[in-house]
Amino acid sequence: MAFNDFTIGVDTTGVLQANNTYQWSDNFSKVTGKHIVKFGASVHDDQVNINPDATYNGSFLFQGTETGSDFADFLLGIASSYNQADSQAFYLRNKYAGLYGQDSWRVRPNLTLNYGLRWDLLPPWREKYNQMQTLIPGQQSLVYPGAPAGLVFPGDPGIPSTLAPAKRTNFAPRLGLAYSPSSKTSIRAGYGLFYTAFEGISAGIMSANPPYGYDYTSFAPPLFTTPFVTAASGQDNGQRFPEPIPAFGASAKTPNTSVNWSQYLPITGVPSFFHNNVTPYSESYTLSIQRELARDTVFTASYLGTEAHHLLVLISANPGDPALCLSLSQRRDVMPGTPTCGPFGESGTYTTPSGQAIPGTRAPFSSQFAAVTYQKTIGNSNYNAVELSLHHSSPSLELLAGYTYGKSLDQSSSLAEAVNPLNPNLSKAISAFDMRHNFVASYNWKLPLVKLLNRRYRWAEGWSLSGITRFSTGFPVTLFNNNDTSLLGTIPNGINNNGVDTPNYVPGNLNINTNPRNGKPTFNTTLFSLPDLGKVGTAARRFFYGPGIANFDAALHKNVRLSESRSLELRFEAFNVFNHAQFYGPAAVNGNITSPKFGQVTNSAPPRLVQVAAKFYF
């Protein structure tokens, strides 16, 4: 059972996995005059063999959709959703090939140019026995003729074993420059385009899809005692488990007509890999200036920029139509005694006063599909940062200090975060992992006790003080609303942790609480409210930051040389030395508008930890 801030029960995502990688690579380099020429190639074959046991016994999600409190909903037996899955062994396969050529040209003694070109073949993952599927509205499968129109498989017309074709024009240029105007100053600049392989999880999460498995997510909040029954309407969606698994080998020439597809309808929870996906890539550009301030001190100032394109994001393939649902939301809009449309009702059937049956509000797929999703390469992100660092190295002191001022924007920070299905650009916001300011200093100081005492005591020799000090702003607060007031039906489940709905926001003073220890909300919660029915919400999913961190870790240690080959190190270490309460982390602040804890700090970093250690070197 999963709550807003914690989970209890058996782990729902256990996996038995065996991986194999077969790789060949070769590189060639030659120095000719002022040039260093390099060529190379690499080929590898990856195998990921999975025997998943995800949510075999089912999992309830409590998010406070009824009372506003997740735990109160649990005590009343009112879950937000129910998820259960079943699947068999899954055998992922992927091949990669890459070529590169590069030249490093020393134009002058103080100027070097690097330029090169790389080519990558990065096909999507496939499954050894074609246990994969995707969604194309209206297309009838020839491999499984009994499947609902829109659910297609490898071997169907236009569907390769990888579901999407492999792009063969992934040429990636690289350019770099290193220039030293003086013996104490160096300037470096670079640009590169980098293609990225699809993660294995993009195919692995399809392991429980019909007919090779089944991943059921309730269409609306279920009954706690009978989770296949919708709580509000009493609709019985049927017991879905267990289900038989068909034999391998189906194709367009030898179709499988034995599957009883009625047991899967309406199909839900299918995180299908979109059939027109392309290879993700990023562009990176850097500029740095390094200056020697003293014989043992170097200062570096850098700019780093990255733009990523065609990132894989999760998006509803069959969202609800808010306007249609609103037109069926009043008693006068439906036949007496029949249900009206509202939140979580996108997959219901409605009858107009004239007797016309409307099989749900979802499109473009038929009523044989409920909440289904695509993994689609439509995501974009960008990151820009200024980095300053100081490095001092002397016999008595080693110091490295760095400061970063940066900003990261994206439409989705992970596959657990769906984007708006009507307009993905509306999901653009600060990244979940963004950190605007970050200062870190590490040091190791050999204590001059002998010099201070002006006498050579053996006990005073070999002492050092080291540590790491960090000051940084917090992570952004993620705002969400799981009440489905948008009527889009992006229901939270095991893949999509939150829907796309957000609260309404009235611009004003957020009054960020920099000292959450006082028990007050982290921000001004009165500026936020639930949106009107049929609206997503005016607040961006992230636009301000939670509590930061001011942390000191330190260690006092002494080296005792016992002989030429043996020594003993005694260490006294303290983490969070001053025992500051650190309300820090991507989920440190509750951003759920429907929760009574909205705006409150819900977790913190550990308190002070002290440990003593001894290390014997020989």
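For any residue, its number in the working numbering is found by taking its place in the sequence shown, counting from 1, and adding 5. Ideal Cβ positions, reconstructed from N, Cα and C, are used throughout, including at glycine. Since this is a predicted model, take the numbers as computed values, not measurements.
How many Å lie between R475 and F580 at the Cα?
12 Å
Which runs of the alpha helix (DSSP H), 4 residues or longer, sit entirely within the region 292-349?
As summarised for the region 292-349, the continuous alpha helix (DSSP H) elements at least 4 residues long and confined to that stretch are 327-331, given in chain order.
What do you get for Q380, buried or exposed, if any count of 16 or more other CB atoms within 10 angstroms of its CB means buried?
buried
Rounded to whole angstroms, what's the CA-CA distance from S609 to G590? Just pull it up for me.
8 Å
Looking at the structure shown, is N501 part of a helix, part of a strand, or coil, going by DSSP?
Only weak support exists for where N501 lies, its pLDDT of 46 falling under 50; the value from the coordinates is given anyway. Residue state, collapsed to three classes: coil.
In terms of alpha-carbon separation, which member of F33, H280, K100, S34 lies closest to I141?
H280
Please state if the CB of G195 and the CB of P601 are separated by a distance shorter than 8 Å.
no
Do L484 and P508 have their C-beta atoms within less than 8 Å of each other?
yes
As a quick exercise: from F583, S47, Y27, pick the residue whose alpha carbon is nearest that of N628.
Past the edges of the chain, shown from 6 to 623, lies residue 628, and the structure says nothing about it.
Test item: CB-CB of T262 and P153 under 8 Å:
no
Going by DSSP, what residue range makes up the beta strand (DSSP E) through K100?
95-113
Mind checking which residues open and close the beta strand (DSSP E) that includes V445?
442-451
Quick one: give me the first and last residue of the alpha helix (DSSP H) that F246 is part of.
That residue, F246, is in no alpha helix (DSSP H); it is neither H nor E in DSSP.
Just verifying my parser: in three-state terms, what is the DSSP assignment at K433?
Note: K433 maps to coil in three-state DSSP.
For a minimum of 3 consecutive residues, which ranges assigned as the beta strand (DSSP E) are wholly contained in the region 505-555?
none
Candidates D558, V511, I517: closest to L535 by CA position:
V511
For a test of the three-state rule: what should DSSP assign to F79, helix, strand or coil?
helix
Buried/exposed call for R173, threshold 16 Cβ in 10 Å
exposed
Is the separation between the beta-carbon of T273 and that of A375 shorter than 8 Å?
yes
Just tell me which of A619, G553, A618 has its CA closest to the CA of V606.
Here the closest residue by C-alpha is G553.
So A545 and S471 are in contact, right, with Cβ under 8 Å, and what is the actual spacing, rounded?
In fact, because the Cβ distance is near 42 Å, the residues do not count as touching under 8 Å.
Whole-angstrom Cβ separation of N516 and F528, contact assumed at under 8 Å?
Going by Cβ atoms, the distance from N516 to F528 rounds to 7 Å, so yes, they are a contact pair.
Inter-residue spacing [alpha-carbon to alpha-carbon] between Q306 and L298
Going by the sequence as given, residue 306 is Ala instead of Gln. Cα-Cα distance, rounded: 13 Å.
How many whole angstroms separate the CB atoms of S187 and D301, which I take to be in contact at a CB cut-off of 8 Å?
That belief does not hold up - the Cβ atoms of S187 and D301 are roughly 18 Å apart, past 8 Å.
Considering only their Cβ atoms, is the gap separating A423 from S321 smaller than 8 Å?
Cβ atoms of S321 and A423: closer than 8 Å.
Proximal residues to Y87 (C-beta, below 7 Å), its chain only, five neighbours per side dropped:
G63, F65, S223, P227, P232
Going by DSSP, what residue range makes up the beta strand (DSSP E) through V615?
Segment 614-622, the beta strand (DSSP E) holding V615.
Selection from R336, V377, G347, N520 that minimises the alpha carbon distance to P358
Closest in alpha carbon position to P358, among R336, V377, G347, N520, is R336.
Any contact of the region 109-127 with the region 251-271, i.e. 3+ C-beta pairs under 8 Å?
no
Cβ-Cβ distance between N175 and L104 below 8 Å
no
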